[in-house]
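Structure first, then comments.
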Amino acid sequence: MVVIAQPSSEMPLLTSTNEFHTKIMTPIDEKEEARTLSKCYIQVTGMTCASCVANIERNLRREEGIYSVLVALMAGKAEVRYNPAVIQPPMIAEFIRELGFGTTMIENADEGDGVLELVVRGMTCASCVHKIESTLTKHRGIFYCSVALATNKAHIKYDPEIIGPRDIIHIIESLGFEASLVKKDRSASHLDHKREIRQWKRSFLVSLLFCVPVMGLMIYMMVMDHHLATLHHNQNMSQEEMINIHSSMFLERQILPGLSIMNLLSLLLCLPVQFFGGWYFYIQAYKALMHKTANMDVLIVLATTIAFAYSLVILLVAMYERAKVNPVTFFDTPPMLFVFIALGRWLEHIAKGKTSEALAKLISLQATEATIVTLDSDNILLSEEQVDVELVQRGDIIKVVPGGKFPVDGRVIEGHSMVDESLITGEAMPVAKKSGSPVIAGSINQNGSLLIRATHVGADTTLSQIVKLVEEAQTSKAPIQQFADKISGYFVPFIVIISIVTLLVWIIIGFLNFQVVETYFSGYNRSISRTETIIRFAFQASITVLCIACPCSLGLATPTAVMVGTGVGAQNGILIKGGEPLEMAHKVKVVVFDKTGTITHGTPVVNQVKILVESNRISRNKILAIVGTAESNSEHPLGAAITKYCKQELDTETLGTCTDFQVVPGCGISCKVTNIEGLLHKNNWKIEENNIKNASLVQIDASNEQSSTSSSMIFDAPLSNVLNAQQYKVLIGNREWMIRNGLIINNDVDDSMTEHENKGRTAVLVAVDDELCSLIAIADTVKPEADLAVHILKSMGLEVVLMTGDNSKTARSIASQVGITKVFAEVLPSHKVAKVKQLQEEGKQVAMVGDGINDSPALAMANVGIAIGTGTDVAIEAADVVLIKNDLLDVVASIDLSRKTVKRIRINFVFALIYNLVGIPIAAGVFMPIGLVLQPWMGSAAMAASSVSVVLSSLLLKLYRKPTYENYELLARSQMGQKSPSEISIHVGIDDTSRNSPKLGLLDRIVNYSRASINSLLSDKRSLNSVGTSEPDKHSLLVGDCREDDDTAL
-19 MVVIAQPSSE
-9 MPLLTSTNEF
1 HTKIMTPIDE
11 KEEARTLSKC
21 YIQVTGMTCA
31 SCVANIERNL
41 RREEGIYSVL
51 VALMAGKAEV
61 RYNPAVIQPP
71 MIAEFIRELG
81 FGTTMIENAD
91 EGDGVLELVV
101 RGMTCASCVH
111 KIESTLTKHR
121 GIFYCSVALA
131 TNKAHIKYDP
141 EIIGPRDIIH
151 IIESLGFEAS
161 LVKKDRSASH
171 LDHKREIRQW
181 KRSFLVSLLF
191 CVPVMGLMIY
201 MMVMDHHLAT
211 LHHNQNMSQE
221 EMINIHSSMF
231 LERQILPGLS
241 IMNLLSLLLC
251 LPVQFFGGWY
261 FYIQAYKALM
271 HKTANMDVLI
281 VLATTIAFAY
291 SLVILLVAMY
301 ERAKVNPVTF
311 FDTPPMLFVF
321 IALGRWLEHI
331 AKGKTSEALA
341 KLISLQATEA
351 TIVTLDSDNI
361 LLSEEQVDVE
371 LVQRGDIIKV
381 VPGGKFPVDG
391 RVIEGHSMVD
401 ESLITGEAMP
411 VAKKSGSPVI
421 AGSINQNGSL
431 LIRATHVGAD
441 TTLSQIVKLV
451 EEAQTSKAPI
461 QQFADKISGY
471 FVPFIVIISI
481 VTLLVWIIIG
491 FLNFQVVETY
501 FSGYNRSISR
511 TETIIRFAFQ
521 ASITVLCIAC
531 PCSLGLATPT
541 AVMVGTGVGA
551 QNGILIKGGE
561 PLEMAHKVKV
571 VVFDKTGTIT
581 HGTPVVNQVK
591 ILVESNRISR
601 NKILAIVGTA
611 ESNSEHPLGA
621 AITKYCKQEL
631 DTETLGTCTD
641 FQVVPGCGIS
651 CKVTNIEGLL
661 HKNNWKIEEN
671 NIKNASLVQI
681 DASNEQSSTS
691 SSMIFDAPLS
701 NVLNAQQYKV
711 LIGNREWMIR
721 NGLIINNDVD
731 DSMTEHENKG
741 RTAVLVAVDD
751 ELCSLIAIAD
761 TVKPEADLAV
771 HILKSMGLEV
781 VLMTGDNSKT
791 ARSIASQVGI
801 TKVFAEVLPS
811 HKVAKVKQLQ
821 EEGKQVAMVG
831 DGINDSPALA
841 MANVGIAIGT
851 GTDVAIEAAD
861 VVLIKNDLLD
871 VVASIDLSRK
881 TVKRIRINFV
891 FALIYNLVGI
901 PIAAGVFMPI
911 GLVLQPWMGS
921 AAMAASSVSV
931 VLSSLLLKLY
941 RKPTYENYEL
951 LARSQMGQKS
961 PSEISIHVGI
971 DDTSRNSPKL
981 GLLDRIVNYS
991 RASINSLLSD
1001 KRSLNSVGTS
1011 EPDKHSLLVG
1021 DCREDDDTAL
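Okay, so the sequence shown: first residue is -19 according to the numbering used here, each after it adds one.
Written out as structure tokens, the structure reads:
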């Protein structure tokens, strides 16, 4: 993402996707500029890649009155600072339209605004407030300021390009007040569920304290009833004798008529549980009913309140009627229900806290303080200051000591060190950092002190973006979860109806056939009337239905698994944006890879340099010095690759002088080169020096060494002055460029060029002083893990497709190296979307893997867009999955993790559904004939167990380990091999005639295959030989080390 960055009034710094444009002005000029400059925002449509951004920025900067331009590709927005006396925003928008893009003016663009919350101490009255507000609003760059005397807080909106938080604090302090940042909670305490764990633990212990005596009383009564039943069975006692023995038991003695000791104790133990232990349930149930919804808490409150109210009414009626026989109450039900439910919720929150551990760990990576240093013009350190990380401004220079965390994203300006980025990128090995290297907030500096310039601060840092992404992912719902939520909505009313039906059915059955109740009712007591027994039995069954039904387990099945899955992904450098892509990735049938920057490194490398003249006429080093100097002025990637190669070969950082440089797009360059002799003699002297060192090792006479050194030195001095003036006319380019300049290319050279081109390389010719001297082969090398990743994806049953804008020869070569058999070549970026759509129309779910910039439309169109990159410049907006490491095996890991997570979600659903489908009929008494009878407390225990089991099942995902390269290699190496070009089907451009081809019979397929093979043999004789047989070993090709077959002379 492109960010606006201006460190201070002395040095406006703009950070683009990959580069920093710095413009230093004199203070006087800048004050003039500052007074006159305005800023506007323009929405830009039709941008597809970074080159569009560069095109707009470059062309707008040329216009008079435009001071700076910053274009954000993903946001589709341009920020322009301009002089309103010279140019107006509509004219700027018109310039952009002329470049071929759509534009819209953004009227209220406050995206660039910073917001600051401060605590201001020392204010005494309203005049203090007015003083602060009026002083701040007079300052340029502060849009709004509001100070509240009652709370001592100030709320300020400002432009971070002009002014920063430290500047604002200094202004307030200069007025005689104290100002400090409002402390934000960086501890991730909202993720660890500590408050909920504490609350449910307390609720459980209160309920347990009163539940244990209730259970004791209940067990005592059950034992006594069983003893009486045995006596009745053995001694044939009459009904009256049974009633007398029952009422003479200690707990059944009446204190008042109708009120027994047992019922009084049960009531006293039930009251605190009902109203203190269950207080939270009542609040939640009330809130739910107020919003016209019904949740789990409503069911629990219904079950306990009905049991309590029913028991209390019956007891009061018995006391009013002065009944001789004690009524049967349900005071034992609420304490036991609350105990099991509170225990379940307590365990559930402990488990939930574990699911968010990954995100909490990410948040804890954020540094809290930064050491800001001030340097003078000679980069000498003047002062150091420790500040809160939120006070760091763009452009600040920050010192990071060994063992310290990087507080913000930035670029190293001084120092060398190794940096541990494992917690952000998942890369285990430390990364070397030197001047110019980017650093990521939250990574740990290992051994050297570094000075970095802040480029992204606050919410713009990579770590903050990752945290935000993971938070959004964990709160977003998967489609399967939305279905579960829908079920849960109807679930509670459905259960209430089932409960009422159970009550009525058992009352009817009881009155029609009392024997059924007598047989299956464990608490049946002959001393109670039939009617009361039937109602008590029916009541028990209906309350058990309310207790056992659990929409919680259904509701927890998906979010807990998604939470653990996304957390585990983040720890392994795979950022999955929510439940939908996580669920969708397992359905993928086709994986489409972009070529440049995804399958390949994206940067061309010189594979081979072939010298076409005798070495005594012009040496290899001389040619390299000339070519490197000529290409050093070129902006073309091939030119940069040649220059880099020449510098490495000559072991130098400086080259000669290049003049009269001209570029002809699509052909090549021409220029004049001078001042290379000094470079060559310096190189010869190094060789000579090495020879001397080697000679001394084999003890050659010291005097010889002396003479050889002195002679080379004497030779060097006069010659350098004479030869420095020598000028070379240089041409570098393709066949057409050489022919246009009157050079003849013989058959051998043409054959060599064709051979390289068939291997997917670019062949470049070099002519010095109108004579062909060299042929340079350049290619974009394949990533080492690409063939392995492709093989594993295929072994997972996925179809792998390569899609590229490159020519079909290059595409065929790359595909053969990595084992892809279907290729779409010469596809324009705008047509990639159409290709993805075409695959989707065939009924396939498509995953698109791209480097996230020019592929963004296709990433958005695909069912799952996977952006692969460094994690800082990736198309976070367009992709569903962001791989922080530039590693293709993470594509395999992301699909694997998705499959594992979806499998876990399904297991959770099976748990939850089976539990409810089996539990509710058992509770309703359907299985009584086979002896399955549940008490209400058993139902609530089962309900708690179901929720906890689902969460624990999700937590098993934490055991997921991303397979290592070695594991994959062991798995796949035995079966892997390159594809011969005849096995690869190439589809050129947007039209694909083969897509509607009819299904062929076996014979037709054999004939077609043979014909294709013969055609490819005829058209690509060299191609088949070079790629299939005589091509260098694949791994040497991957590393780009093909110097073994370098021909240094024809």
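All C-beta atoms in this analysis are idealised placements derived from N, C-alpha and C, irrespective of residue type, glycine included.
Cα-Cα separation, residue i to residue j
i: R879; j: H566; result: 5 angstroms
i: L17; j: E97; result: 28 angstroms
i: E821; j: K815; result: 10 angstroms
i: V585; j: A759; result: 6 angstroms
i: A620; j: G608; result: 9 angstroms
i: K57; j: F81; result: 12 angstroms
i: G438; j: S444; result: 7 angstroms
i: F519; j: Q264; result: 25 angstroms
i: L355; j: K163; result: 29 angstroms
i: N738; j: V762; result: 16 angstroms
i: S397; j: V99; result: 38 angstroms
i: F256; j: S246; result: 16 angstroms
i: L819; j: V572; result: 10 angstroms
i: L211; j: T513; result: 21 angstroms
i: V447; j: L660; result: 53 angstroms
i: A904; j: V297; result: 28 angstroms
i: E44; j: I67; result: 8 angstroms
i: V829; j: V548; result: 21 angstroms
i: N39; j: I22; result: 15 angstroms
i: S700; j: R715; result: In this prediction, S700 has a pLDDT of 40, which is less than 50 and means its spatial position is unreliable; what the coordinates show is noted afterwards. For S700 and R715, the distance between alpha carbons rounds to 35 angstroms.
i: M841; j: L635; result: 47 angstroms
i: E153; j: N132; result: 14 angstroms
i: L897; j: V472; result: 14 angstroms
i: F474; j: W486; result: 18 angstroms
i: L362; j: G395; result: 17 angstroms
i: F310; j: R516; result: 9 angstroms
Rounded distance between the beta-carbons of residue j and residue i, thought under 8 angstroms
i: A521; j: T482; result: 5 angstroms
i: S357; j: V392; result: Wrong, their Cβ atoms sit about 20 angstroms apart, outside the cutoff.
i: A287; j: P314; result: 6 angstroms
i: M201; j: L231; result: 7 angstroms
i: P145; j: E370; result: 7 angstroms
i: T351; j: K379; result: 5 angstroms
i: A610; j: C638; result: 6 angstroms
i: T524; j: Q179; result: Not quite, the Cβ-Cβ distance comes to about 27 angstroms (not below 8 angstroms), so this is no contact.
i: L877; j: E765; result: Incorrect: roughly 18 angstroms between the Cβ atoms, too far for contact.
Per DSSP, cross-strand counterpart(s) of residue i
i: H566; result: In DSSP, H566 forms no bridge with anything.
i: L430; result: V380
i: P145; result: Beta-bridge pairing links P145 to no other residue.
i: V186; result: Beta-bridge pairing links V186 to no other residue.
i: V419; result: G390
i: L555; result: V862
i: T583; result: For T583, which the question treats as bridged, DSSP gives no partner whatsoever.
Beta carbon proximity, residue i to chain C, threshold 9 angstroms
i: P145; result: Although the question refers to chain C, the structure presented lacks it and comprises just one protein chain.
> Between the region 623 to 630 and the region 760 to 769, do at least 3 Cβ pairs fall closer than 8 angstroms?
Replying inline: no
> Can at least three beta-carbon pairs, one atom from the region 738 to 754 and one from the region 580 to 597, be found at a separation below 8 angstroms?
Replying inline: yes
>> Quick test of the definition: if touching needs 3 or more C-beta pairs under 8 angstroms, does the region 555 to 566 touch the region 861 to 871?
In response: yes
> Does the region 119 to 128 touch the region 138 to 152, meaning 3 or more C-beta pairs lie closer than 8 angstroms?
Replying inline: yes
> Counting Cβ pairs closer than 8 angstroms, one from the region 313 to 322 and one from the region 340 to 356, do we hit at least three?
Replying inline: no
> With contact counted as at least three CB pairs below 8 angstroms, one residue from each stretch, are the region 874 to 890 and the region 779 to 793 in contact?
Replying inline: no
> Just checking, does the region 597 to 615 make contact with the region 796 to 812 on the three C-beta pairs under 8 angstroms criterion?
Replying inline: no
> Which whole runs of the alpha helix (DSSP H) in the region 710 to 773 are 4 residues long or more, in chain order?
Replying inline: 715 to 720, 727 to 738
>> What ranges does the alpha helix (DSSP H) occupy inside the region 290 to 352, keeping only unbroken runs of at least 4 residues that lie completely in it?
In response: 313 to 335, 337 to 344
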